Amino acid sequence: MGFHKDAERASLSDVRARHLMEGAAANADLSGHAADLQRLCRAAVDHLRLDGAVIHLMTTSGPSGIGASSDPRSARFGDLPFTTGDGPCLDAFSRRRPVLIPGLEQARDRWPGFSSVALEDGVGAVFSLPLQVGAVAFGVLDLYAWKATRLAEDQVALALAFARVATEILLHAADRKAGSDGSGEEMHHGRLLDHRPEIHQAQGMVMVALGLTLADAMVSMRAHAFSSGRPLIDIAREIISGGPLPDASGP
Amino acid sequence: MIAIERLADVFVDVADTLVADFDLIEFLHSVAAHATEISGGAAAGLMLTDEDGRLHHMGASSGDARLLELFQLQNAEGPCLDCCRTGQPVISTDLADSVDAWPVFVPRALAAGVHAVHAFPMRLREKVIGGLNVFGQQSGSLSSDQVRVVQALADVATIALIQEQAISRAEMVTEQLQSALNSRIVVEQAKGAVARTFGITVEEAFALLRNHARASRIRLTDLAHTVVTSPDGPSILRRSPSD
């Protein structure tokens, strides 16, 4: 596949997660990114053989709501950390790392408020994966199992891939210029999964130079790469060597 | 022979870092620097492998773009990739003889003045979590002493990464790896922001960040995160750490 040539080797799990997401159904009243996120939650539950999934949208000043959930029961657990003030997803977000809890019973002391309610209501395992790219953080993908359960290695790889695809969707949603159709053609190209150092160095430079947020700096670099039909890594290297910056007011 | 004084210095430095509340990115960077010095090589780089078997560049002793490219290139082919796949050291004492094995990597390595490569696995029991890559300017093998010490550095890096005395949970390895990979991105984002703010190179920006973190006794990753998320941005580095 041609697009692998200039990208870091695309993760097969990412390709698979995106494909599975596209094959899942969303509620009829949802559209655009909201529908995509619900599809992703449902695909994650089906293909990871788990029972529920929730995407929490969060900011450093606190939760900003639920982005999507696979089903109403999960949505209820999704609200829980924000009522009890503790929970794996809050830790995953603040510590910027996954929190994988195959047996909530054994870990109940870590989150007494959350655990007492969640265990009572029949949650056996929780896997919280931050939706982030470096210091850009959108929230957390929470995966639930009603029974205590371990994720096998291939399930972990796929779960992480679902989190990366969710992050891509949220990054794309942050691109107001891209409109709300959400299809994001460039997302289908491996290049957006590219985490070579230069790309993030250039992102930091664009943030400072154009006075953007870190997320918007990435969005503008990607828009520039897409509109000029060039790989993101080339755009990044050009910026690092003092070349032109993407146009912030852009097309 | 490696001078015993030199060896002592390296391991005292490593131990000092590990007992403190250390920053992993900073630590992996210093492991790469020590590996270069011990081996007398041109550069050393550390790669971690993720759950999909992709390699992520975590730190290098050199900022030379051509050498850095050689580390990254190995996502497609190269000694470090082979080493991570097999869990065994991969050695080419004369790269010119290894063109068939790595047709893309070798010409680029030779063009960058690299003639020998040693790749050491970072092994955690049966799992390989990455590799430490040493590039030499001359063809030839490392001495058996050098090999043992560099492999020991790779082992220490593995222990530092996992951080727990007894790994009771397989999940912890994933948590730590993912955290390390994301920390690396935070540091790159901060390097770019600092370089642009102060009109310096990314390598100089990295040195500025490391020095500031050390002087203020905060972890490099935490400082980097503050630099790219606080309203003041990189200008917080203008204040002296004692303020």
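Chains as they are written, first to last, in the numbering used here: chain B, 4 to 254; chain P, 1126 to 1368.
Don't be surprised by glycine CBs; every beta carbon is placed ideally from N, CA and C.
Remember, predicted model here, so these are calculated numbers, not experimental data.
- B/Gln158 sits in a helix when the DSSP states are folded into three classes.
- Of all residues in the region 207-229 of chain B, the ones placed with a Cβ closer than 7 Å to any Cβ belonging to chain P are Gly207, Met208, Met210, Val211, Ala212, Leu217, in chain order.
- Between the alpha carbons of B/His203 and P/Val1327 lies a gap of roughly 11 Å.
- In the DSSP annotation of this structure, the continuous segment of the alpha helix (DSSP H) that includes B/Leu235 starts and ends at 235-243.
- Judged by DSSP in its simplified three-state form, P/Thr1174 adopts strand.
- Look at P/Phe1323 here: in three-state DSSP terms it is helix.
- Per DSSP, B/Thr63 is not a residue of any beta strand (DSSP E), being assigned neither H nor E.
- With respect to chain B, the C-beta atom of P/Asp1177 has a partner C-beta closer than 9 Å.
- In the three-state scheme derived from DSSP, where H, G and I count as helix and E and B as strand, B/Leu217 is classed as helix.
- In the same chain as B/Pro84, and ignoring 5 residues on each side of it, the C-beta atoms closer than 6 Å to its own belong to Gly90, Cys92, Leu93, Phe117, in chain order.
- Here the C-alpha atom of P/Gly1358 lies approximately 43 Å from the C-alpha atom of B/Arg52.
- With a threshold of 16 other beta carbon atoms within 10 Å, B/Leu235 meets it and is buried.
- In this chain, P/Leu1362 is not harboured by any alpha helix (DSSP H), its DSSP state being neither H nor E.
- The shortest CA-to-CA distance from B/His175 to any of B/Pro75, B/Arg225, B/Asp145 is the one to B/Arg225.
- With respect to the C-alpha of P/Ala1241, the residue from P/Pro1232, P/Leu1249, P/Arg1248 having the closest C-alpha is P/Pro1232.
- For B/His22, the uninterrupted alpha helix (DSSP H) segment begins and ends at 15-25.
- Collapsing the DSSP output to three states places B/Ile202 in a helix.
- Across the structure, P/Arg1248 and B/Asn30 are spaced so that their CA atoms are roughly 46 Å apart.
- Your pair B/Gly142 and B/Leu33 does not check out as a contact, with CB atoms roughly 17 Å apart and the cut at 8 Å.
- In terms of Cα proximity to B/Arg79, the closest of B/Ala47, B/Ala121, B/Thr170 is B/Ala121.
- Those residues of the region 1294-1317 of chain P placed with their C-beta closer than 7 Å to a C-beta in chain B are Glu1296, Thr1299, Glu1300, Gln1303, Ser1304, Asn1307, Ile1310, Val1311, Glu1313, Gln1314, Ala1315, Lys1316, Gly1317, ordered along the chain.
- Scanning the region 69-146 of chain B from its first residue to its last, the whole alpha helix (DSSP H) runs of 4-plus residues come out as 75-87, 91-98, 115-123.
- Of all residues in the region 1317-1349 of chain P, those with a C-beta nearer than 8 Å to a C-beta of chain B are Gly1317, Ala1318, Val1319, Ala1320, Arg1321, Thr1322, Val1327, Ala1349, reading in chain order.
- Looking at the DSSP output, P/Phe1331 sits in no beta bridge, so it has no partner there.
- By the Cβ test, the region 41-51 of chain B is in contact with the region 18-29 of chain B, since at least three Cβ pairs between them sit closer than 8 Å.
- Taking a C-beta distance under 9 Å as the contact criterion, P/Val1312 and P/Leu1286 do not qualify as a contact pair.
- The residue from P/Gly1317, P/Gly1261, P/Ala1340 with its alpha-carbon nearest to that of P/Leu1192 is P/Gly1261.
- The C-beta of P/Asn1258 has 16 or more other C-beta atoms within 10 Å across all chains shown, which makes the residue buried.
- Identification of chain B residues near P/His1181 by a Cβ-Cβ cut-off of 8 Å yields His198, ordered along the chain.
- In its chain, beyond the 5 residues on either side, Cys1209, Gly1212, Pro1246 have a beta carbon closer than 6 Å to the beta carbon of P/Val1253.
- If you check the CB distance, B/Leu103 and P/Thr1299 come in under 9 Å.
- Around the beta carbon of P/Leu1302, 16 or more other beta carbons lie within 10 angstroms, which makes this residue buried.
- Our two residues, B/Ala138 and P/Ala1320, have alpha carbons roughly 17 Å apart in a direct line.
- In the DSSP assignment, B/Gly35 falls within the alpha helix (DSSP H) that extends over 35-50.
- Residue burial is scored here from C-beta neighbours: B/Thr86 has fewer than 16 other C-beta atoms within 10 angstroms and is therefore classed as exposed.
- In the DSSP annotation of this structure, the continuous segment of the beta strand (DSSP E) that includes P/Ser1217 starts and ends at 1215-1217.
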